[in-house]
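Quick note on the UniProt record's numbering: the sequence shown kicks off at 1 and runs consecutively. For each residue, glycine too, the CB sits at the ideal point set by N, CA and C. Nothing here was measured: the structure is a model prediction, and the numbers come from that model. As structure tokens, the structure follows; a few thoughts come after it.
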Amino acid sequence: MAYTTNGASIEADEEGFLININDWNEDLAGQIAKDEGIALTPEHWEVVNFLREYYAEYQIAPAVRVLTKAIAKKMGPDKGNNKYLYELFPYGPGKQACKIAGLPKPTGCV
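Spelled out as structure tokens, the structure:
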């Protein structure tokens with residue numbers, strides 16, 4: 001599978017996760033989100049950017065429970081809960097948000 005952005009072909013695995021996370025950019029995130037049926041809002045970008053910062057620090061994509069707790073700690077309980085995150089990313093805040101953020105699939109996601 002591949003995405004095309006700015007005239008370049010970006011390789012992804014069969015589930016749409018980028019092969020090389022360094023290929024990620026905001027235009028590509030928008031395309032992946034569109035393919036996922038999501039129109040990115042500032043709230044989506046908050047989570048996407050949080051995930052990218054988390055990955056840069058820990059070199060791992062967090063599982064949903066870890067993601068929820070970390071977002072609650074940084075952004076407060078209004079955003080750090082399953083209901084809010086699933087409203088933004090209905091196919092799973094871990095898996096779907098990580099895909100849009102250009103990160104590997106979180107450990108434990110099917």
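Within the DSSP bridge table, the entry for ILE10 names TYR3 as partners. Residue LEU67 holds the alpha-carbon nearest to the alpha-carbon of LEU85 among GLU57, LEU28 and LEU67. Secondary structure note for GLN96: its alpha helix (DSSP H) is the uninterrupted segment 95-100. In chain order, MET1, ALA2, TYR3, LEU18 and ILE19 place their CB closer than 8 Å to the CB of ALA12, counting only its own chain and leaving out the 5 sequence neighbours on each side. With respect to ASN82, ALA72 sits apart: the two C-beta atoms are not nearer than 8 Å. Annotated as proximal: ILE21 and LEU103, with beta-carbon spacing under 8 Å. LEU67 carries a helical assignment under DSSP once its states are collapsed to helix, strand and coil. Contact annotation, ALA29 with ILE100: C-beta distance approximately 5 Å; criterion of less than 8 Å satisfied.
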